[in-house]
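Number of protein chains: 2
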Amino acid sequence: MADTPDPRVTRSREAILAAARELLREEGPSAVTHQRVAARAEVGRATVYRHWPRPEQLLTDAMADVPMPFFLDPATPVRPWLERQLRMLADQLALPDVLAVTTALVQGARSEPQITTRRDRLATTIGQQLRAALTMAEQAGELQTACDPRDAPALLIGPLLYRSLLEPGPVSDDLIDRLLHAAGTWTAGSAISNPPAKRPTSPTTEL
Amino acid sequence: MADTPDPRVTRSREAILAAARELLREEGPSAVTHQRVAARAEVGRATVYRHWPRPEQLLTDAMADVPMPFFLDPATPVRPWLERQLRMLADQLALPDVLAVTTALVQGARSEPQITTRRDRLATTIGQQLRAALTMAEQAGELQTACDPRDAPALLIGPLLYRSLLEPGPVSDDLIDRLLHAAGTWTAGSAISNPPAKRPTSPTTEL
DNA sequence: ATCTTATGAGACAAGTTGACTCATAAGCCG
DNA sequence: CGGCTTATGAGTCAACTTGTCTCATAAGAT
């Protein structure tokens with residue numbers, strides 16, 4: 001069939017993207033060159049050039065190949081849902097693939113318009129998901145004195161990003177409780193509504 | 001005097017580091033090569049090689065040349081002091097130089113031991129400063145139910161880092177109030193102790 | 001079996017990297 | 001100010017990388 005792609009093309013592109021992704025994870029964006037990707041993928045250098053004529057295309061496609069964190073549709077009660085989502089986000093941000101793309105996004109966004117666009121899109125998506133969840137919580141009466149919706153991503157994700165980039169290691173339940181508390185006052189019936197007392201950090205499982 | 005450096009050496013090194021810093025700010029770490037730095041600094045390529053035989057050395061020295069955010073010694077009442085420090089930190093994190101080094105640190109830390117060390121040192125320094133301030137606040141009776149000291153940097157700096165890297169733009173006073181609130185309960189007499197009501201974001205001046 | 005199309009080895013030109021030589025000039029010292 | 005030391009920088013060189021191209025080979029479809 002004319003619109004079924006040639007299996008050789010499919011095979012080559014998958015091998016190339018997988019190799020690019022590996023190099024990105026192991027050594028960062030500067031390692032994603034046609035020569036190194038061809039060697040790693042065990043394909044001809046010309047094949048890499050044929051599919052991706054410019055190195056920036058190869059890098060951005062390799063980055064796009066990595067599933068980035070997102071939130072599932074919110075559910076009531078919102079607080080335990082959000083707690084789980086933040087826990088999941090913390091775990092995802094610790095994954096080498098996700099971390100590689102995250103750092104490449106923030107680094108590349110400073111000078112590459114295409115990467116700036118991708119970063120903005122990711123921030124917009126995750127921000128909207130969070131705002132929708134907080135709005136739902138307010139409407140359900142779970143949340144009072146909510147923060148400015150524009151500040152929600154920074155308040156709820158910022159600390160997890162900080163941990164991921166500057167202090168890698170397990171993220172405690174206490175920290176996640178604190179994030180939720182920073183977003184506003186949660187009513188009883190949706191878990192703890194006051195700041196939790198200081199207690200020992202509980203280690204969390206990591207992949 | 002034998003230990004007074006040759007002014008030619010001083011002049012060359014300053015020109016080279018300034019050029020490296022500019023390229024780092026404008027295009028990121030991959031632009032900091034001997035060839036490009038020599039051209040920008042208007043010195044001989046051999047001179048750059050003589051002072052910095054390997055490109056990693058040049059990059060890390062250029063990064064070290066940029067003053068990174070830090071906190072001044074805490075003062076009581078701690079809360080207004082911390083508020084000012086966080087405001088200052090937000091402003092510094094928006095500076096192109098600081099942003100360039102920040103992104104280079106988190107990117108490079110993934111695969112370069114020397115850069116990992118620098119990142120860890122920065123995180124340790126700023127964390128200790130914060131912990132000292134919060135301890136002082138607790139001892140002065142300003143702060144109750146303080147967060148786990150290990151979580152303080154993530155809670156207080158994380159949102160500012162998030163803004164800097166993923167949502168550049170002015171940081172509101174409201175957001176900074178929220179960070180302080182996340183760190184614990186502040187008593188009356190050290191500014192607002194309850195979560196602030198939602199109010200319009202106040203634009204802040206940026207350099 | 002035949003035709004179409006993707007692949008890949010290798011060649012080529014141009015550029016980059018790292019090391020080196022040596023002429024020139026900056027800087028110090030008496 | 002002359003002599004000596006030392007830093008600089010233009011240019012060279014080998015090795016490597018990048019991007020493009022050719023063409024033989026083989027995969028895939030019919």
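Chains E and U are the protein sequences, given in the same order.
Per the UniProt record's numbering, the first sequence starts with residue 1, numbered consecutively.
Per the UniProt record's numbering, the second sequence starts with residue 1, numbered consecutively.
All C-beta atoms in this analysis are idealised placements derived from N, C-alpha and C, irrespective of residue type, glycine included.
Given the structure is predicted, the values throughout are model-derived calculations rather than measurements.
Note down, in chain order, every chain E residue with its Cβ under 7 Å from the Cβ of I157 (chain U).
-> Along the second sequence, one-based indexing puts residue 157 (chain U) at 157. In chain order: Y162.
Where does P7 (chain E) sit, in a helix, a strand or coil, going by DSSP?
-> Counting from one through the first sequence, the residue named residue 7 (chain E) turns up at place 7. Residue state, collapsed to three classes: helix.
Start and end of the alpha helix (DSSP H) containing R119 (chain U)?
-> As a working note, residue 119 (chain U) is residue 119 in the second sequence. Start and end: 113-139.
8 Å Cβ cutoff, P153 (chain U) in contact with chain E = Your numbering for residue 153 (chain U) matches position 153 in the second sequence. At least one chain E Cβ lies under 8 Å of P153 (chain U).
Could you please give the first and the last residue of the uninterrupted alpha helix (DSSP H) stretch that includes L95 (chain E)?
-> Translated into the one-based positions of the first sequence, residue 95 (chain E) becomes position 95. Per DSSP, L95 (chain E) belongs to no alpha helix (DSSP H) and is neither H nor E.
Terminal residues of the continuous alpha helix (DSSP H) containing V48 (chain U)?
-> Counting from one through the second sequence, the residue named residue 48 (chain U) turns up at place 48. It spans 45-51 - the alpha helix (DSSP H) in which V48 (chain U) sits, taken as one unbroken run.
If you draw a straight line from the C-alpha of D61 (chain U) to the C-alpha of A18 (chain U), how long is it?
-> Translated into the one-based positions of the second sequence, residue 61 (chain U) becomes position 61. Translated into the one-based positions of the second sequence, residue 18 (chain U) becomes position 18. Between D61 (chain U) and A18 (chain U), the C-alpha separation is close to 10 Å.
Can you name the residues of chain U whose CB is closer than 7 Å to the CB of A123 (chain E)?
-> Translated into the one-based positions of the first sequence, residue 123 (chain E) becomes position 123. The contacting residues are L166, E167.
When the Cα atoms are used, what is the spatial distance from W186 (chain E) to L23 (chain E)?
-> Stepping through the first sequence from its first residue, residue 186 (chain E) is reached at position 186. Stepping through the first sequence from its first residue, residue 23 (chain E) is reached at position 23. Taking the straight line joining both Cα atoms gives about 44 Å.
V9 (chain U) at chain E interface by Cβ criterion, 8 Å = Position 9 of the second sequence, counted from the first residue, corresponds to residue 9 (chain U). By this cut-off, V9 (chain U) is not an interface position.
What does A100 (chain E) reach in chain U if we use C-beta pairs closer than 8 Å?
-> Along the first sequence, read from residue 1 onward, the residue named residue 100 (chain E) stands at position 100. Chain U residues near A100 (chain E): R110.
Presumed contact (8 Å Cβ cut-off) between V106 (chain E) and V106 (chain U), rounded CB distance = Mapped onto the first sequence, residue 106 (chain E) falls at position 106. Mapped onto the second sequence, residue 106 (chain U) falls at position 106. Right, the Cβ-Cβ distance comes to about 7 Å (below 8 Å), so this counts as a contact.
In chain E, which residues lie with their C-beta within 9 Å of the C-beta of R79 (chain U)?
-> Translated into positions along the second sequence, residue 79 (chain U) becomes position 79. By Cβ distance, chain E contributes nothing, its closest Cβ being about 16 Å from R79 (chain U), past 9 Å.
Inter-residue spacing [alpha-carbon to alpha-carbon] between R131 (chain U) and L93 (chain E) = Counting from 1 along the second sequence, the entry for residue 131 (chain U) is found at position 131. Counting from 1 along the first sequence, the entry for residue 93 (chain E) is found at position 93. One C-alpha to the other measures close to 25 Å.
For T185 (chain E), three-class secondary structure by DSSP | Working through the first sequence from its first residue, we reach residue 185 (chain E) at position 185. Of the three classes helix, strand and coil, the one that applies to T185 (chain E) here is strand, per DSSP.
In angstroms with no decimal places, state the Cα-to-Cα distance between M63 (chain U) and E42 (chain E).
-> Here the question's residue 63 (chain U) lines up with position 63 in the second sequence. Here the question's residue 42 (chain E) lines up with position 42 in the first sequence. Their Cα atoms are separated by approximately 36 Å.
Could you work out which residues of chain E lie near V37 (chain U), taking near to mean beta carbons separated by less than 9 Å?
-> The residue given as residue 37 (chain U) occupies position 37 in the second sequence. Within chain E, no residue comes near V37 (chain U); the closest Cβ sits about 16 Å away, beyond 9 Å.
Check whether A183 (chain U) and L156 (chain U) have beta carbons under 8 Å apart | If you number the second sequence from 1, residue 183 (chain U) lands on position 183. If you number the second sequence from 1, residue 156 (chain U) lands on position 156. For A183 (chain U) and L156 (chain U), yes; Cβs fall inside 8 Å.
Run through DSSP, which three-state label would L72 (chain E) get?
-> Locating residue 72 (chain E) in the first sequence gives position 72, where the first residue counts as 1. L72 (chain E): coil per DSSP, three-state reduction.
Confirm, please, whether the CB-CB distance from L82 (chain U) to L160 (chain U) is below 8 Å.
-> On the second sequence, position 160 is the one that residue 160 (chain U) refers to. On the second sequence, position 82 is the one that residue 82 (chain U) refers to. Not in contact: L160 (chain U) and L82 (chain U) (Cβ atoms no closer than 8 Å).
What's the call for R25 (chain U), buried or exposed, on a 16-neighbour Cβ count within 10 Å?
-> Numbered from 1 along the second sequence, position 25 holds the residue referred to as residue 25 (chain U). So R25 (chain U) ends up on the buried side.
Residue of E:R13, E:R87, E:G44 minimising C-alpha distance to R178 (chain E) | Along the first sequence, read from residue 1 onward, the residue named residue 178 (chain E) stands at position 178. When only C-alpha atoms are compared, the closest one is E:R87.
Got a sec: does the ligand PLP put a non-hydrogen atom nearer than 7 Å to the Cβ of R54 (chain E)?
-> The model depicted lacks the ligand PLP and carries no ligand whatsoever.
Take the Cβ of residue 236 (chain U) as the centre, count every other Cβ of all protein chains shown within 10 Å, and call the residue buried at 16 or more, exposed below.
-> Any property of residue 236 (chain U) remains undetermined from this structure, which presents chain U solely from 1 to 207.
Residue-chain proximity (P107 (chain E), chain U), Cβ-Cβ < 8 Å | The count along the first sequence starts at 1 and reaches residue 107 (chain E) at position 107. Note that residue 107 (chain E) is Gln in the sequence shown, not Pro. Yes, because at least one Cβ of chain U sits closer than 8 Å to the Cβ of Q107 (chain E).
For V66 (chain E) and L122 (chain U), the rounded distance between their alpha carbons | The residue given as residue 122 (chain U) occupies position 122 in the second sequence. The residue given as residue 66 (chain E) occupies position 66 in the first sequence. Answer to the nearest angstrom: the Cα atoms are 29 Å apart.
Relative to chain U, which residues along the region 16-42 of chain E have a C-beta separation below 8 Å, given in chain order?
-> E26, E27, G28, P29, S30
Chain U contact residues for L59 (chain E), given Cβ-Cβ distances below 7 Å = Within the first sequence, residue 59 (chain E) is the residue found at index 59, counting from 1. Result: empty, since nearest Cβ-Cβ is about 11 Å, beyond 7 Å.
State yes or no: is the beta carbon of S12 (chain U) nearer than 8 Å to at least one beta carbon in chain E?
-> Here residue 12 (chain U) corresponds to residue number 12 of the second sequence, with the count starting at 1. Not an interface residue.
8 Å Cβ shell around A89 (chain U) - same chain, five flanking residues per side excluded = As a working note, residue 89 (chain U) is residue 89 in the second sequence. First, the amino acid is wrong: residue 89 (chain U) is Leu here, not Ala. Correct list, in chain order: P69, F71, I157, L160.
Proximity test, Cβ basis, 8 Å: residue 208 (chain U) and chain E = Outside the displayed span of chain U (1 to 207) sits residue 208 (chain U), for which this structure offers no information.
To the nearest angstrom, report how far apart residue 208 (chain U) and P5 (chain E) are at their CA atoms.
-> Residue 208 (chain U) is absent from the model: chain U starts at 1 and stops at 207.
P159 (chain U) - containing alpha helix (DSSP H), residue span | Along the second sequence, one-based indexing puts residue 159 (chain U) at 159. Residues 152-166.
Could you tell me whether any Cβ in chain U is nearer than 8 Å to the Cβ of D148 (chain E)?
-> To locate residue 148 (chain E), count along the first sequence from 1; it is residue 148. So, interface residue.
Between I126 (chain U) and the rest of its own chain, which residues show a CB-CB distance below 8 Å, the 5 nearest in sequence each way excluded?
-> As a first step, residue 126 (chain U) is located in the second sequence; it is residue number 126 there, counting from the start. Excluding residues within five positions, the ones whose Cβ falls inside 8 Å are P69, F70, F71, P153, I157.
For T76 (chain E), decide whether its Cβ has a neighbour in chain U, counting only Cβ atoms nearer than 8 Å.
-> Translated into the one-based positions of the first sequence, residue 76 (chain E) becomes position 76. It does not; no Cβ of chain U falls within 8 Å.
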